[in-house]
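Before any comments, here is the structure.
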Amino acid sequence: MKEKLLRYRKEIIFAIIIFLVASTSFALGYLANREFNHAPIIIEKSSSAPE
56 MKEKLLRYRK
66 EIIFAIIIFL
76 VASTSFALGY
86 LANREFNHAP
96 IIIEKSSSAP
106 E
């Protein structure tokens, strides 16, 4: 097991870095979207409006 880890060390580190970058970018995008996500504007028809 240890031999395989040593043999594929660069690939494992590269995969971990890719995972961390993807997770961080997802989290930052999620947090940024929460900031700009306001309540929707609801337009109601007035009772005095002509039909």
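Residue 56 is where the sequence shown starts when you use this note's numbering, and the numbers rise one by one after that.
Cβ coordinates follow ideal geometry from the N, Cα and C atoms, glycine included.
Source: prediction; values computed, not measured.
* Quick one: grab the DSSP three-state call for residue 99. => coil
* residue 72 to residue 98 span [Cα, whole Å] -> 47 angstroms
* Asked: Counting along the chain, where does the alpha helix (DSSP H) carrying residue 85 start and finish?
  -> 64-91
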